[in-house]
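Numbering (my numbering), first residue to last: 811 to 977. Glycine is no exception: its CB is placed at the ideal position from the N, C-alpha and C atoms. Quick notes on the structure that follows.
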């Protein structure tokens with residue numbers, strides 16, 4: 811079977827690889843690039859477990875062919891913070907107990923990031939709408955919504971904090 815060459819930027823790193831035309835971005839991320847924070851849930855775009863941010867837009871990686879991502883920048887939950895310096899959204903999810911089994915967490919975090927990038931101070935209803943494509947079977951969403959509200963406040967505080975004084 812014939813492959814096609816693609817180049818993507820994944821969490822800041824550039825990868826050039828050969829993919830099968832029928833393989834989804836989800837398949838390539840998990841099996842060729844070992845981005846296991848992108849979860850394989852339903853492969854129909856219903857659960858949100860495979861969400862990534864592609865060129866600034868939240869997408870279901872299972873619904874995009876890998877070849878369509880050629881030249882794109884892909885961000886996964888692992889790409890928004892590091893183990894030493896978590897993103898405020900990641901910190902809030904931990905602080906509010908919004909991570910139970912962890913399966914939906916990467917998609918939830920990216921949905922929250924996409925929301926807060928375009929609307930830094932969302933209402934409760936706007937948060938619920940932003941999470942509509944993400945299914946969680948453990949938390950009932952309350953802790954997730956609280957975490958996103960907390961992250962919103964933290965990010966707004968960071969933006970309005972005066973610059974640090976240097977001596």
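Residue i, buried or exposed, once every other Cβ within 10 Å from all chains shown has been counted against 16
{"i": "residue 1017", "result": "Given a span of 811 to 977 for the chain in the structure shown, any question on residue 1017 remains unanswerable."}
{"i": "residue 879", "result": "buried"}
{"i": "residue 903", "result": "buried"}
{"i": "residue 953", "result": "buried"}
{"i": "residue 849", "result": "buried"}
{"i": "residue 979", "result": "Because residue 979 is not part of the residues shown, which for the chain are 811 to 977, the question remains open."}
{"i": "residue 933", "result": "exposed"}
{"i": "residue 863", "result": "buried"}
{"i": "residue 914", "result": "buried"}
{"i": "residue 841", "result": "exposed"}
{"i": "residue 937", "result": "buried"}
{"i": "residue 856", "result": "exposed"}
Spatial neighbours of residue i in its chain, beta-carbon cut-off 6 Å, leaving aside the 5 residues before and after
{"i": "residue 831", "result": "814 and 877"}
Range of the contiguous beta strand (DSSP E) that encloses residue i
{"i": "residue 935", "result": "Per DSSP, residue 935 belongs to no beta strand (DSSP E); it is in the alpha helix (DSSP H), 934 to 940."}
{"i": "residue 890", "result": "Here residue 890 belongs to no beta strand (DSSP E), and DSSP marks it neither H nor E."}
{"i": "residue 944", "result": "Premise fails: residue 944 is in no beta strand (DSSP E) and is neither H nor E."}
{"i": "residue 834", "result": "Segment: none, residue 834 is in no beta strand (DSSP E) and carries neither H nor E."}
{"i": "residue 817", "result": "814 to 820"}
{"i": "residue 811", "result": "Looking at the DSSP string, residue 811 is not in any beta strand (DSSP E), and its letter there is neither H nor E."}
{"i": "residue 848", "result": "No beta strand (DSSP E) contains residue 848, which DSSP labels as neither H nor E."}
{"i": "residue 868", "result": "867 to 870"}
{"i": "residue 862", "result": "861 to 864"}
Nonlocal neighbours in the same chain, by C-beta distance under 8 Å from residue i, ignoring five residues either side
{"i": "residue 960", "result": "902, 905 and 906"}
{"i": "residue 898", "result": "961, 964, 965 and 968"}
{"i": "residue 819", "result": "825, 882, 883 and 884"}
{"i": "residue 926", "result": "899, 932, 958, 961, 962 and 965"}
Nearest-angstrom Cβ-Cβ length linking residue i and residue j, presumed shorter than 8 Å
{"i": "residue 916", "j": "residue 892", "result": "Contact flag wrong, Cβ pair sits at about 15 Å."}
{"i": "residue 871", "j": "residue 860", "result": "4 Å"}
{"i": "residue 941", "j": "residue 921", "result": "6 Å"}
{"i": "residue 835", "j": "residue 874", "result": "4 Å"}
Nonlocal neighbours in the same chain, by C-beta distance under 7 Å from residue i, ignoring five residues either side
{"i": "residue 966", "result": "930 and 931"}
{"i": "residue 821", "result": "885, 886, 888 and 889"}
Query raised in the report: At which residue ranges does the stretch 898 to 926 contain complete alpha helix (DSSP H) runs of 4 or more residues, listed in the order of the chain?
Result: Entirely contained in the stretch 898 to 926, the alpha helix (DSSP H) runs reaching 4 residues are, in chain order, 898 to 905.
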